[in-house]
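**Student:** Here it is, the structure, as structure tokens.
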Amino acid sequence: QALREADRNNFESARTILATTRANLIVSPSYNAQHNTVVGLMQETEDALQRVQNRSEYESGGRAMMQEAVSSNTYQRSCYSKAGRAKKFQTSSSSGMQEAACKSKGFP
Numbered sequence: 798q799a800l801r802e803a804d805r806n807n808f809e810s811a812r813t814i815l816a817t818t819r820a821n822l823i824v825s826p827s828y829n830a831q832h833n834t835v836v837g838l839m840q841e842t843e844d845a846l847q848r849v850q851n852r853s854e855y856e857s858g859g860r861a862m863m864q865e866a867v868s869s870n871t872y873q874r875s876c877y878s879k880a881g882r883a884k885k886f887q888t889s890s891s892s893g894m895q896e897a898a899c900k901s902k903g904f905p
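Going by my numbering, the sequence shown opens with residue 798, and the numbers climb by one from there.
So this is what it looks like as structure tokens:
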């Protein structure tokens with residue numbers, strides 16, 4: 798959403814979206830436990846906030862950085878979602894750990 802808003806020159810709206818995301822992350826149990834994934838997401842969010850301060854900052858690498866973050870997070874989510882595990886995109890180690898975790902929780 799923030800990327801779309803920035804593309805429309807709505808930098809204030811983009812900053813609001815990112816600030817809300819940052820606030821939600823700060824109070825999340827995963828961030829408080831310092832899980833690497835959430836800490837990384839926080840860093841990406843803070844970087845994006847810096848990149849949507851103005852059009853110049855956005856065009857000098859901000860948009861590319863934000864698009865890369867969106868793409869990589871979308872790709873990761875599509876490959877590792879519980880509903881549709883896509884084993885062909887996972888390493889055998891990752892797939893094995895995911896299967897073991899599911900079995901330990903009583904899932905097939």
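In this text, a Cβ means the ideal position worked out from N, Cα and C, and glycines have one as well. Predicted model only: the values in this text are computed from it and were never measured.
Measuring straight from C-alpha to C-alpha, what distance separates residue 838 and residue 856?
**Tutor:** Indexing the sequence shown from 1 puts residue 838 at position 41. Indexing the sequence shown from 1 puts residue 856 at position 59. So the alpha carbons of these two residues sit roughly 22 Å apart.
**Student:** If I'm right that residue 834 touches residue 818 with Cβ under 8 Å, what's the distance once you round it to whole angstroms?
**Tutor:** The sequence position of residue 834 within the sequence shown is 37, counting from 1. The sequence position of residue 818 within the sequence shown is 21, counting from 1. Actually they are not in contact, since the Cβ atoms of residue 834 and residue 818 sit about 14 Å apart, beyond 8 Å.
**Student:** Compare the C-alpha of residue 813 against each of 863, 869 and 802 and name the closest.
**Tutor:** Here residue 813 refers to the residue found at position 16 when the sequence shown is read from its first residue. Of the listed residues, the one whose Cα sits closest to residue 813 is 802.
**Student:** Distance cutoff 7 Å, beta carbons only. Does residue 820 sit that close to anything in chain C?
**Tutor:** The chain inventory of the structure shown lacks chain C, comprising one protein chain alone.
**Student:** Quick one: grab the DSSP three-state call for residue 825.
**Tutor:** Position 28 of the sequence shown holds residue 825. It is coil, neither helix nor strand.
**Student:** For residue 753 versus residue 800, is the C-beta spacing smaller than 7 Å?
**Tutor:** Nothing about residue 753 can be read from this structure; the chain reaches only from 798 to 905.
**Student:** Going straight from the alpha carbon of residue 825 to that of residue 815, what length do you get?
**Tutor:** The sequence position of residue 825 within the sequence shown is 28, counting from 1. The sequence position of residue 815 within the sequence shown is 18, counting from 1. Taking the straight line from one Cα to the other gives about 15 Å.
**Student:** If we ignore side chains and look at the alpha-carbon of each, how far apart do residue 848 and residue 860 end up?
**Tutor:** Against the sequence shown, residue 848 aligns to sequence position 51. Against the sequence shown, residue 860 aligns to sequence position 63. One C-alpha to the other measures close to 8 Å.
**Student:** Do you know whose CA, among 900, 805, 811 and 840, lies nearest residue 850's CA?
**Tutor:** Counted from its first residue, the sequence shown places residue 850 at position 53. When each option's Cα is compared against that of residue 850, the closest is 811.
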